[in-house]
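Input: a single structure, listed below in structure tokens.
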Amino acid sequence: MTKEVIITIRGLQFIQSEEDMEPVEVVTPGEYYKKNGQHYLLFEEAVEGFEGTTHNVMKFKEDQLEVRKKGLVNVHMVFEENKKTLSYYQTPFGVMNMGIAATNIQVHEGKNNIDLLVNYALDLNESYVADCTIQMNVKSKEEGNFRLES
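Residue numbers (UniProt numbering): 1 to 150.
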């Protein structure tokens, strides 16, 4: 896969029932490389209503995803299958203690794309919040057949 990519990240939070799903989708250009069997993604993220951006570095392999955010939001999240990890999530509104218990991580690598799926339980300040899903697709910019769907 090429260095220049289009990253699509979809997130869902199942709060109490499937009717309460809260989908979020981000499509952004980024950079990709693979080193020592691990995939790396670098991209900038803007937050509506705030000035500045957050620099994101995602590192993943078969059973683990690490997300580092620096800027408007600061956090180092680790999603490791069948383990609970803790981190501090620093936002413009304050700091929260965040727990992540990943139950499933799947990585499918093709010639010009990568699909990643992560299922996890999220808690904030030691209180359960939701069961969540992250779906990510990374495509080579050179492939050129990407589109936004509603």
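Where a beta carbon is used, it is the ideal one built from N, C-alpha and C, also for glycine.
Note that the structure is a prediction, hence the values are computed from the model and not measured.
Using three-state DSSP, classify residue i as helix, strand or coil.
| i | result |
| --- | --- |
| K34 | strand |
| E44 | strand |
| E142 | helix |
| K3 | coil |
| P23 | coil |
| E62 | coil |
| G11 | strand |
Please report the distance separating the alpha-carbon of residue i from that of residue j.
| i | j | result |
| --- | --- | --- |
| K83 | D63 | 11 Å |
| A121 | T103 | 8 Å |
| T133 | F60 | 16 Å |
| V73 | N112 | 31 Å |
| E51 | M96 | 21 Å |
| V118 | Y89 | 19 Å |
| M58 | G30 | 11 Å |
| E4 | H39 | 14 Å |
| T28 | G49 | 18 Å |
| L86 | K70 | 17 Å |
| Y32 | A46 | 19 Å |
| G37 | V67 | 17 Å |
| G11 | G94 | 22 Å |
| S127 | M98 | 9 Å |
| K139 | F43 | 14 Å |
| residue 183 | G110 | This structure cannot settle anything about residue 183, because the visible part of the chain is limited to 1 through 150. |
| V26 | I9 | 5 Å |
Assuming residue i and residue j make a contact with CB atoms under 8 Å, what is their CB distance in whole Å?
| i | j | result |
| --- | --- | --- |
| M77 | I100 | 6 Å |
| I7 | M136 | 7 Å |
| L65 | L124 | No, L65 and L124 are not in contact; Cβ-Cβ is about 19 Å, not under 8 Å. |
Review point. What are the complete beta strand (DSSP E) segments, minimum 3 residues, inside the segment 72 to 139?
Key: 75 to 80, 83 to 91, 94 to 109 and 113 to 124
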